[in-house]
Each structure stands twice: as C-alpha cells, then as structure tokens.
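Using our numbering, the first residue of the sequence shown is number 1, and each one after it goes up by one.
Here a beta-carbon is modelled for each residue, glycine too, at the ideal position from N, C-alpha and C.
This report refers to the structure that appears directly beneath it.
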Amino acid sequence: FFFQAEDGIRDVERSRGLGDVDKRQVIFLEGELGAGKTTFTKGILKGFNYKELVKSPTYNIVEIHETDKYRVFHFDLYRISEPIELEEIGIEEYLKELKSVSIFEWPNNGKGTLPSADFNVQISYKDNGKDDRRELLIS
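Written out as structure tokens, the structure is:
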C-alpha cells in the first residue's frame with residue numbers, strides 16, 4: 001500500500017492509493033495549518049475511486065467515507081486536548097474495523113491513545129510557500 005504523488009500539493013489530488021488493503025492501515029498526516037493534509041486525504045480517497053465530497057473533519061472530528069472495498073476514517077485531532085475525548089468518540093471501535101484506513105491529522109494530539117502509524121506523512125511548504133508548492137516526506 002503506497003501513494004504516488006507528483007510535485008506540488010494540487011497534484012496530490014491525483015494521487016492513487018495502490019495495492020490492496022487487507023487489514024487495518026493507520027496514516028498520520030503532519031504539517032502546519034493549511035499545509036494540505038485534507039487535500040492529501042482527498043488524493044487517497046480519489047485513488048480508491050471515491051467520488052463524493054471530502055471535507056475537513058475539524059468540527060465533527062471524524063468523517064467516514066465508504067469506498068467499494070474499504071472504509072476510510074478521516075480524523076482531525078486539532079481540537080483534541082485530552083485522551084478521554086478520543087475515548088468519548090469511540091476511537092477503539094474505529095480502529096478495530098477490518099479493511100479500513102484511518103487517517104489522522106494532528107496525530108500528536110492523540111499521543112498515548114493512538115496506535116503506531118503504518119505511514120507517517122510530513123507535509124511542509126517548499127521554498128517558503130512560493131508558488132503554493134509542498135514537500136512530502138513519507139515514512
């Protein structure tokens with residue numbers, strides 16, 4: 001399971017999630033406000049042939065997207081300040097789901113509660129934000 005991206009955050013929307021997910025996958029997205037974490041998530045979902053609207057889950061904390069083969073849970077933990085808040089939204093139930101991808105924006109806010117990530121994606125502005133370009137580091 002990997003992602004292919006061209007240069008620039010707008011091109012990430014054309015990213016494709018390749019391969020089969022036959023287990024739970026956890027992805028951490030890190031970067032400044034506006035760096036493109038939700039845009040990257042849109043690219044992942046587009047790779048799964050998801051055609052519905054994808055919006056930031058900032059106020060809902062989680063958005064659930066059903067694809068042909070997988071359930072994708074998109075979390076935004078920006079407003080989370082205590083681990084109990086994750087328990088209250090039922091984080092354990094989401095993470096138990098087979099054939100799922102859980103994507104976490106601001107994963108440090110869930111530190112100690114979240115499992116280890118299968119993929120860590122660091123998104124940063126390239127050339128101090130000139131030309132709206134980003135640099136991605138995927139590990």
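Residue i, DSSP secondary structure in three states
i                : result
aspartate 7      : Note that aspartate 7 has pLDDT 39, beneath the 50 cutoff, so the model's placement of it is unreliable and the number below is only indicative. In the structure shown, aspartate 7 sits in coil (DSSP, three-state: anything other than H, G, I, E or B).
phenylalanine 73 : strand
glycine 17       : Below a pLDDT of 50, predicted positions are generally treated as unreliable, and glycine 17, at 44, falls in that range; the measurement from the model is reported next regardless. Correct three-state label for glycine 17: strand.
Beta-carbon proximity check, residue i vs residue j, cutoff 8 angstroms
i              : j                : result
tyrosine 94    : phenylalanine 73 : yes
threonine 113  : leucine 86       : yes
lysine 23      : glycine 31       : no
arginine 71    : glutamate 52     : no
isoleucine 123 : leucine 29       : yes
Closest by C-alpha distance to residue i, when choosing among the options
i              : options                           : result
aspartate 127  : Arg24, Glu135 and Val26           : Glu135
asparagine 109 : Val26, Leu77 and Glu88            : Leu77
histidine 65   : Pro107, Lys46 and Tyr125          : Lys46
isoleucine 91  : Ile61, Lys42, Asp68 and Asn120    : Ile61
arginine 79    : Arg133, Ile138, Trp106 and Leu137 : Trp106
Integer Cβ distance of residue i from residue j, believed to fall under 8 angstroms
i                : j                 : result
isoleucine 27    : phenylalanine 104 : 7 angstroms
phenylalanine 75 : serine 116        : That belief does not hold up - the Cβ atoms of phenylalanine 75 and serine 116 are roughly 15 angstroms apart, past 8 angstroms.
Below-8 angstroms beta-carbon distance, residue i vs any chain C residue
i          : result
leucine 77 : Among the protein chains of the structure shown there is no chain C, as only one such chain exists.
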